[in-house]
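**Student:** If you scroll down you'll find the structure; I have some questions about it.
2 protein chains.
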Amino acid sequence: MSGHAVWINGSWTDRIDPSDRGFALGDGVFDTLTAFNRIPFAGARHLDRLRKQASVIGISLDAKNVREAWDAVLARTESENVILRTTVTRGAAGRGLWPAATPTPTLAISAAPWNSSLFAKEVRLVISAISRNPGSPSSRLKTLGYLDHVLAARDAAERGADDALFLNVAGHVACTTIANVFAIAGGQLLAPPLIDGVMPGIMRALVLEAAPSIGLEPHERSVSPQELLDTDAVFLTNSVRVLSPVVSLDGQELSRRGAKTEATIRTAVAGLVLSECGFDLGSAH
Amino acid sequence: MSGHAVWINGSWTDRIDPSDRGFALGDGVFDTLTAFNRIPFAGARHLDRLRKQASVIGISLDAKNVREAWDAVLARTESENVILRTTVTRGAAGRGLWPAATPTPTLAISAAPWNSSLFAKEVRLVISAISRNPGSPSSRLKTLGYLDHVLAARDAAERGADDALFLNVAGHVACTTIANVFAIAGGQLLAPPLIDGVMPGIMRALVLEAAPSIGLEPHERSVSPQELLDTDAVFLTNSVRVLSPVVSLDGQELSRRGAKTEATIRTAVAGLVLSECGFDLGSAH
Chain A
1 MSGHAVWING
11 SWTDRIDPSD
21 RGFALGDGVF
31 DTLTAFNRIP
41 FAGARHLDRL
51 RKQASVIGIS
61 LDAKNVREAW
71 DAVLARTESE
81 NVILRTTVTR
91 GAAGRGLWPA
101 ATPTPTLAIS
111 AAPWNSSLFA
121 KEVRLVISAI
131 SRNPGSPSSR
141 LKTLGYLDHV
151 LAARDAAERG
161 ADDALFLNVA
171 GHVACTTIAN
181 VFAIAGGQLL
191 APPLIDGVMP
201 GIMRALVLEA
211 APSIGLEPHE
221 RSVSPQELLD
231 TDAVFLTNSV
241 RVLSPVVSLD
251 GQELSRRGAK
261 TEATIRTAVA
271 GLVLSECGFD
281 LGSAH
Chain B
1 MSGHAVWING
11 SWTDRIDPSD
21 RGFALGDGVF
31 DTLTAFNRIP
41 FAGARHLDRL
51 RKQASVIGIS
61 LDAKNVREAW
71 DAVLARTESE
81 NVILRTTVTR
91 GAAGRGLWPA
101 ATPTPTLAIS
111 AAPWNSSLFA
121 KEVRLVISAI
131 SRNPGSPSSR
141 LKTLGYLDHV
151 LAARDAAERG
161 ADDALFLNVA
171 GHVACTTIAN
181 VFAIAGGQLL
191 APPLIDGVMP
201 GIMRALVLEA
211 APSIGLEPHE
221 RSVSPQELLD
231 TDAVFLTNSV
241 RVLSPVVSLD
251 GQELSRRGAK
261 TEATIRTAVA
271 GLVLSECGFD
281 LGSAH
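Heads up: the protein sequence lines correspond to chains A and B, in order. All letters in the first sequence, in the order written, are residues 1 to 285 by the working numbering. All letters in the second sequence, in the order written, are residues 1 to 285 by the working numbering.
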């Protein structure tokens, strides 16, 4: 596979039609997952979310096609552990915003080697000046329009941080440019609710579901930035980095009192990866 | 020229690199202008805005390159009157959000024939359920992430309307999916200010500048949807449709008391087009 190629309609190609509405208008959604030992972790959930998100914007997606494309790509990658990005757009079209009644969607899959150094890496966060708008459906979709994320990430790098935290227009914690946010507060696991303008991360859902089994009470509710400073531990989740401890926010060191609980959550997730893909994340750490 | 081709680096191509950050992340901005008689109307302003917007997101754009590309494209179009779309992206790159320090931007130009039937067409508006967020820099940029616009346009069509009006998160009028909004109220010309999450339209600027010469006092201030119902006339501007009267909002008929004043503004703009491009919009109407 070429680093710049994508899998479309049964073969690698290095060409996207410039009139593709994904390029012209960001008119599409995408998914990122990691396949360990060439097995997409939580593949069914990723597929379900992608299908639902495509449906929200009016694109009908055949799950079987996506599965087959994933299999075809994974059969051809050099690495055993692979980051798969699946992009679905409304396809090529003429000028203008109004979508065709019967679009021919583009399904494009790219692959990159997963690197164990991404796992459980400590993160210094800064709060972005860019707010997130729960009044836009895009705030809960993995759309192709990631410019706010790019600008926030760029600003964070300039401020010597690893990632930027978005607050929503009401000042509540939403998510970072690439991850969901959790706080451990005593026996509670706090997660900003989707309604606050939060991407419905698959890893986020898995962590919320695993919480009770390790004695944590999951609590989806609005979280203030001040609470992150006062809590026992803050961590991030996404499908590539899995679970990342947050060590500072805007230069203020965060408590790691909850580090042991956080490690238990990480072990629970690693257990899911091991049972589904036969890959030991612990050995990667 | 092919309808699906874009002009990149001195020739038509039907290929965009799938790793282009414009396709993957909406990491870019664009401009749309109309060239009448193959002369880009307000070309210097469009170029200046594009260069500034690219600069805001960290892309350095050589204005001379863009001008030369426009000239090259316009020398090759069949139509005399052409809609030019100029897309600038951060170019091809590897996986991930963090932009390279020294990107190689993509400059892609597409052309479509301008149609006089677009000019001064009456518009039925509906208010979109999607709000616009002035706390995002994207609200004042023509970014490649237009999904909210696409969804709002789709919803408007389903509700039997021609376009959707965005309010911002504070409930003030911002703009439509493709146009700026004006209201004529007595001797005043009201325009929502950019700070309300408004695209800085070139036609918007020209109309604001022309207002005093026709006895109208331009007033950039927040506008409520109720005010649109109570005012003398509401119209839209953009670089393709120029000036469009709004005849209804959410099914309620709007006053056309200000139609004569609106016609005077349209004549003033037509005068600018005539003097700069030698094209008579009046004959197109």
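Think of the CB as a built atom: it goes at the ideal place given N, C-alpha and C, for glycine as much as any other residue.
(1) Whose Cβ in chain B lies nearer than 9 Å to the Cβ of G145/A?
(2) Would you mind sorting Q53/A into buried or exposed? The rule is 16 or more other CB atoms within 10 Å of its CB.
(3) Which ranges would you report for the beta strand (DSSP E) in the stretch 170-197 of chain B if only whole runs of at least 3 residues count?
(4) Under the rule that 16 or more other beta-carbon atoms within 10 Å means buried, what is H212/B, buried or exposed?
(5) Looking only at its chain, what residues have a beta carbon closer than 7 Å to the beta carbon of S11/B, apart from the 5 residues adjacent to it on each side?
(6) What three-state label does DSSP hand E217/B in the structure shown?
(7) Give the residues from the stretch 61-91 of chain A that approach chain B closer than 9 Å (Cβ to any Cβ), ordered along the chain.
(8) In the DSSP assignment, what residue or residues form a beta bridge with D155/A?
(9) Quick one: which chain B residues come within Cβ less than 9 Å of P18/A?
(10) Which bits of chain B does P40/A rub up against, with CB to CB less than 8 Å?
(11) For I59/B, name the three-state secondary structure that DSSP assigns.
(12) With distance defined between alpha-carbon atoms, name the residue in R221/B, L249/B, E227/B, L229/B nearest to G159/B.
(13) How far does the alpha helix (DSSP H) with D230/A in it reach, from first residue to last?
(14) Using Cβ-Cβ distances below 7 Å, what residues of the stretch 150-179 of chain A are close to chain B?
(15) Alpha carbon to alpha carbon, what distance is there between R15/A and D14/B?
(16) Sort P218/B, H219/B, L254/B, N9/B by Cα distance to V73/B and report the nearest one.
(17) How is M1/B classed by DSSP in three states: helix, strand or coil?
(18) List the whole-angstrom C-beta distance separating S239/B from L33/B, where the pair is believed to meet the contact cut-off of C-beta under 8 Å.
(19) Flag this pair as yes or no: are the beta carbons of D155/B and F166/B separated by less than 9 Å?
(20) For the candidate residues R95/B, D20/B, H46/B, whose alpha-carbon lies nearest to that of T86/B?
(21) Within this structure, are the beta carbons of N65/B and N133/A separated by less than 9 Å?
(22) Secondary structure at T102/B, three-state DSSP: helix, strand or coil?
(23) So which residues of chain B does S131/A contact, with C-beta pairs closer than 8 Å?
(24) With a CB to CB cut of under 8 Å and the five nearest residues on each side skipped, what residues in its chain are close to L208/A?
(25) Could you tell me the distance, in whole angstroms, from the CA atom of M1/A to the CA atom of T106/A?
(26) In whole angstroms, what separates the C-alpha of R256/A from that of N180/A?
(27) List, in order along the chain, the chain A residues whose C-beta lies closer than 8 Å to that of L287/B?
(28) Could you tell me if I195/A is buried or exposed, where buried requires 16 or more neighbouring beta carbons within 10 angstroms of its beta carbon?
(29) Can you give me the C-alpha to C-alpha distance between S224/B and S222/A, rounded to a whole angstrom?
(30) Just grab the DSSP bridge partners of A92/A for me.
(31) Among residues of its own chain, excluding the 5 on either side of L281/B, which ones have a beta-carbon nearer than 7 Å to its beta-carbon?
(32) DSSP state of V240/A, grouped into three classes?
(33) At which residues does the alpha helix (DSSP H) containing S275/A begin and terminate?
(34) Where A101/B and D17/B are concerned, what is the direct C-alpha to C-alpha distance, given to the nearest angstrom?
(35) Taking the DSSP output, what are the residues bridged to P245/A?
(36) Got a sec: does the ligand FAD put a non-hydrogen atom nearer than 8 Å to the Cβ of L25/B?
**Tutor:** The short version:
(1) L25, G26, S138, T143, L144, G145, Y146, L147, D148
(2) buried
(3) 173-176, 180-185, 188-191
(4) What sits at residue 212/B in the sequence shown is Pro, not His. Exposed.
(5) none
(6) strand
(7) I83, R85, T87, T89, R90
(8) Answer by DSSP bridge pairing: none, since D155/A is not bridged.
(9) H4, A5, V6, I8, T13, D14, R15, I16, T87, A108, S110
(10) Under the 8 Å cutoff, chain B gives no residues; its nearest Cβ is about 17 Å from P40/A.
(11) coil
(12) Before going on, a small fix: residue 159/B reads as Arg here, not Gly. Considering only alpha carbons, the answer is L249/B.
(13) 225-230
(14) V150, L151, A153, R154, A157, V169, T177, I178
(15) 8 Å
(16) N9/B
(17) For M1/B, the predicted model reports a pLDDT of 43, less than 50, meaning its position is unreliable and no value from the coordinates is stated.
(18) 5 Å
(19) no
(20) H46/B
(21) no
(22) coil
(23) N133, G135, S136
(24) L189, A191, P218, E220
(25) The predicted position of M1/A is uncertain, since its pLDDT is 43 and thus under 50; no value can be drawn from it.
(26) 18 Å
(27) One cannot answer for residue 287/B here, as it falls past the ends of chain B, which runs 1 to 285.
(28) exposed
(29) 29 Å
(30) D20/A
(31) F119, V242, A270, V273
(32) coil
(33) 259-277
(34) 20 Å
(35) F235/A
(36) Although the ligand FAD was asked about, the structure shown includes no ligands whatsoever.
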